[in-house]
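In what follows, a structure is listed as structure tokens, so that the remarks can point back to it.
There are 2 protein chains.
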Amino acid sequence: MADLLPVDRALEIVLQATTVLPAESAPLDAATGRILAEDLRADRDHPAFDKSLMDGYAVIAGDLASGPRTLKVVQEIVAGADPASLLPLAPGTAARIMTGAPVPPGADAVLIVEQSEAVPGDSRAIRATAAVRPGENLARRATDVREGDMLLAAGDFIGAGEIGVLAACGRGRVRVGGRPKVGVLATGDELVPVGESPGPGRIRNTNGPVLAALAERAGAKVTDLGIAPDRESALAEAIEAGLRTDMLVLSGGVSMGVHDLVGKVLRSLGVEILFERVAIKPGKPFTFGRRGAAIVGGCPGNPVSSYVIFQVFLRPALRKMAGHPVPRLATVRGTLTGPVRQRPGRTGFYQARARWDAGRLLVEILPTSGSADFSACARGNVLAIVPADSASLSAGDPIDLLLLDDSADR
Amino acid sequence: MADLLPVDRALEIVLQATTVLPAESAPLDAATGRILAEDLRADRDHPAFDKSLMDGYAVIAGDLASGPRTLKVVQEIVAGADPASLLPLAPGTAARIMTGAPVPPGADAVLIVEQSEAVPGDSRAIRATAAVRPGENLARRATDVREGDMLLAAGDFIGAGEIGVLAACGRGRVRVGGRPKVGVLATGDELVPVGESPGPGRIRNTNGPVLAALAERAGAKVTDLGIAPDRESALAEAIEAGLRTDMLVLSGGVSMGVHDLVGKVLRSLGVEILFERVAIKPGKPFTFGRRGAAIVGGCPGNPVSSYVIFQVFLRPALRKMAGHPVPRLATVRGTLTGPVRQRPGRTGFYQARARWDAGRLLVEILPTSGSADFSACARGNVLAIVPADSASLSAGDPIDLLLLDDSADR
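Line by line, the protein sequences are chains Z and V. Sequential numbering from 12 applies to the first sequence in the numbering used here. Sequential numbering from 12 applies to the second sequence in the numbering used here.
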């Protein structure tokens, strides 16, 4: 196995060859899932004024220190009121106030509505039934955020929470990392499109749709380049078109057969091949190269292999392109529910199902008849990683897991 | 707290009131992330013929049993060849064969190309340098899948692996659960759109963009209904428009202020209010109702509250609408890195960051100045759940976690 590249080294080469795309401007409602490409500082204080946190009455806390008391209600302040328009609060008075409304000058606390009672016969007064501490139920200006505070940094992932921060700072548009363009090309004379019935000896193209779905889920804009035959000229034409994308993903044509033309055609088109064989199971004959800023991943034709190669190598490359500061995917630790065996020499990535049970993450490796068994890619939520030097692991052993990109949705 | 509904009971009511949307037909390339609404049986055997798993030579295993031997190469079989066109293999002969190509009659194994040598002076012969077992390196017809096998079931999540199974079965279109339509409406006179500079006493609408991003990430088709003022007629008009969706999400106007009109207006429009206060922190004044098949979630105006309400109640409701058989989100178990305190009585859902370290999932609760602190929603990847009857937890204590919908992408 001396000619097989270890998985870590191959991933290092893939990431070194991958270029971060130029940042671009996106409207806020299209920024979710992207990587922020600028630092964000607060453009104002939050709150920008002393603000009530509850519905109730703005009061002077000292007025209520010696027990229940009737207060005259002198104004009503709604959310959105101009703080400059408010009357100062005199001792013995209160202002009806809503959540989010500005606190009037002189008031130093808010009595919640549940701690007040109506005064019979006087609709302009209330009876306070509890005391309040100074500062209670209100937020002073700049309590949450001070103008100029750094709220987000370039490289942050933009989820819904970050959308809120950007919105609060008035960012209708935002600088984000580029969105990778991916071309997917299946190769092989035996393939027919999904919509056709395969003639004798032929099979449907499953890798194209699977790789397209994976790339799309990873945030890429995908072009399906269809099926290329095992003829050099036609293959070269299709690959040349695919090299206009940021990442061309090929499947098939990378084994040792006389019709495995992918490597030859890639070289003829000026693609620098960086490696062709990786110590991974499944997926050993993974061909990887680059031309200019475009990278090319030539996956094996077996569906399980190409699925694994995408998750292990190409998904991190897409993260790097999009500006993610940590392109490598974190692994998590689970516990095997049954034994697993392999021939040592290659790192195994096996389809598995992980589930939490009584605080432990239990991992069941899914049965398969081999790397051609497309049905084994369904229903998994992790890839269980068996180190290259392991021949077997037992039930109860810890095992590292790569979370599949849809593990949280299943 | 007798009038506060426990979180589990509130979620039960939400899910009971939520209708599963009718299934629909989707093209395969738009089916990722949806829920399958039909059982899928294999339309043919896989492989559909005895198939080579490697590049090499189809041979008769018995020919090689007694040591290295020269074999005459009588045909070359490429992937895609018609099995009926193949010549039967005679003893002492071999057929050059590619991965995926049909195995000729008479052959019972494939010798990999690496275990063969050229014969000097005879391009039509090879020397086999190793023995093979009968059946080695080939897959008999129907090894992976037999025609009629049930491969996927209604209710299965469609990830990239399932796309491959559907493609292999020729499903260019597929029945999937409906895609929920969600309307998002922020309410409050104090709100200005993100693109505007807030005047004195006013704030930008952050909840609208956040709730829209959350709903979209959960698979919904979102209509942003903008901002409604605190006036009954205008609010009623905007809500009526929103009730044409499957789920109307409101923010603001559900506290106890005189301008908190949402409950009143909902009732006036014939919405049945199922509850108005939940024992949850943050998010207590969560109003939930339904009219016909539409459900309405009235979230508090505080950004952290509406974020939490969406994750805890509305995301499971969207999963149910879309046909997910397990709408409730699974929780996972982590270990606290520091203490947490709360006033007992309400279940706490706190923004937190979980990371794997030496096989343990460590959970750090993010600091916040309160439920108005929008910046606290950023950078988290889980909500840490503190039971309603807990006043405090310590570093090292186990804690249940709700994974946020983007936890795998961060």
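The beta-carbon is built from N, C-alpha and C at its ideal position, and this holds for glycine as well.
Item, Value
"Going along the region 296 to 319 of chain Z in order, which residues come within less than 7 Å of chain V, judged by CB to CB distance?", "312, 314 and 318"
"Relative to the C-alpha of residue 318 of chain V, which candidate in V:409, V:219 and V:376 has its C-alpha closest?", "V:219"
"Taking contact to mean at least 3 C-beta pairs separated by less than 8 Å, is the region 191 to 200 of chain V in contact with the region 391 to 408 of chain Z?", "no"
"Kindly indicate if chain Z contains any beta-carbon less than 8 Å away from that of residue 106 of chain V.", "no"
"Using a Cβ distance threshold of 8 Å, determine whether the region 20 to 34 of chain V contacts the region 325 to 343 of chain V, with at least three qualifying pairs required.", "yes"
"Please state if the CB of residue 287 of chain V and the CB of residue 302 of chain V are separated by a distance shorter than 8 Å.", "no"
"What residues in its chain sit with their C-beta under 6 Å from that of residue 326 of chain Z, if we drop five residues either side in the sequence?", "229"
"Please report the distance separating the alpha-carbon of residue 63 of chain V from that of residue 295 of chain Z.", "17 Å"
"Around the Cβ of residue 207 of chain V, are there at least 16 other Cβ atoms within 10 angstroms (buried) or fewer (exposed)?", "exposed"
"May I have a chain-ordered list of the beta strand (DSSP E) segments no shorter than 3 residues that lie completely inside the region 29 to 63 of chain V?", "35 to 38"
"Here's the rule: buried if 16 or more other CB atoms are within 10 angstroms of the residue's CB, otherwise exposed. What is residue 5 of chain V?", "Within the shown structure, residues of chain V are numbered from 12 to 421, placing residue 5 of chain V beyond reach of any answer."
"Using a Cβ-Cβ cut-off of 8 Å (strictly less than) and excluding sequence neighbours within five positions of residue 416 of chain V, which residues of its own chain qualify?", "225, 228, 229, 322 and 326"
"Tell whether a beta-carbon distance below 8 Å holds between residue 144 of chain Z and residue 69 of chain Z.", "no"
"Under a three-way DSSP split, which group does residue 332 of chain V fall into?", "helix"
"May I ask which residues mark the beginning and end of the alpha helix (DSSP H) holding residue 295 of chain V?", "Note, residue 295 of chain V: premise wrong, no alpha helix (DSSP H); not H, not E."
"May I ask you to report which of helix, strand or coil DSSP gives residue 375 of chain Z?", "strand"
"Grouping DSSP H, G and I as helix and E and B as strand, with all else coil, what is residue 233 of chain V?", "strand"
"What does the alpha-carbon distance come out to for the pair residue 179 of chain Z and residue 214 of chain V?", "8 Å"
"Alpha carbon to alpha carbon, how far is residue 12 of chain Z from residue 392 of chain Z?", "Note that residue 12 of chain Z has pLDDT 45, beneath the 50 cutoff, so the model's placement of it is unreliable and no number is given."
"Three or more C-beta pairs under 8 Å: does that hold for the region 112 to 125 of chain Z against the region 86 to 95 of chain Z?", "yes"
"Looking only at C-alpha atoms, which of V:307, V:275 and V:240 sits nearest to residue 259 of chain V?", "V:307"
"DSSP has residue 366 of chain V in a bridge; who is on the other side?", "V:373"
"At a Cβ cut of 9 Å, what residues of the region 106 to 133 of chain V count as close to chain Z, listed as they run along the chain?", "107, 108, 109, 110, 111, 112, 113, 123, 124 and 125"
"The beta strand (DSSP E) with residue 88 of chain V in it runs from where to where?", "80 to 88"
"Can you confirm whether residue 243 of chain Z, when its beta carbon is compared against all beta carbons of chain V, has any partner nearer than 8 Å?", "no"
"For residue 316 of chain Z, does the count of other Cβ atoms within 10 angstroms reach 16, so buried, or fall short, so exposed?", "buried"
"CB-CB under 7 Å to residue 23 of chain Z, same chain, minus the five flanking residues each way: which ones, in chain order?", "none"
"Need the endpoints of the beta strand (DSSP E) that residue 314 of chain V sits in, please.", "Run containing residue 314 of chain V: none in the beta strand (DSSP E); it sits in the alpha helix (DSSP H), 314 to 320."
"Check whether the region 370 to 388 of chain Z touches the region 170 to 179 of chain V, taking contact to mean three or more Cβ pairs, one atom from each stretch, closer than 8 Å.", "yes"
"Any chance you could list the alpha helix (DSSP H) runs of at least 4 consecutive residues sitting entirely within the region 206 to 292 of chain Z, in chain order?", "218 to 228, 243 to 253 and 273 to 279"
"Would you identify the three-state DSSP class for residue 174 of chain Z, choosing helix, strand or coil?", "helix"
"How many angstroms separate the CA atom of residue 139 of chain V from the CA atom of residue 157 of chain V?", "34 Å"
"For chain Z, find out if any of its Cβ atoms is closer than 8 Å to the Cβ of residue 339 of chain V; answer yes or no.", "no"
"Identify each residue in the region 364 to 395 of chain V for which the Cβ-Cβ distance to at least one residue of chain Z is less than 9 Å, and report them in chain order.", "366, 367, 369, 370, 371, 372, 379, 380, 381, 382, 383, 384, 385, 386, 387, 388, 389, 390, 391 and 392"
"Does the CB of residue 137 of chain Z have a neighbour CB from chain V at under 8 Å?", "no"
"At a CB-CB cut-off below 8 Å, which residues of chain Z make contact with residue 408 of chain V?", "Under the 8 Å cutoff, chain Z gives no residues; its nearest Cβ is about 12 Å from residue 408 of chain V."
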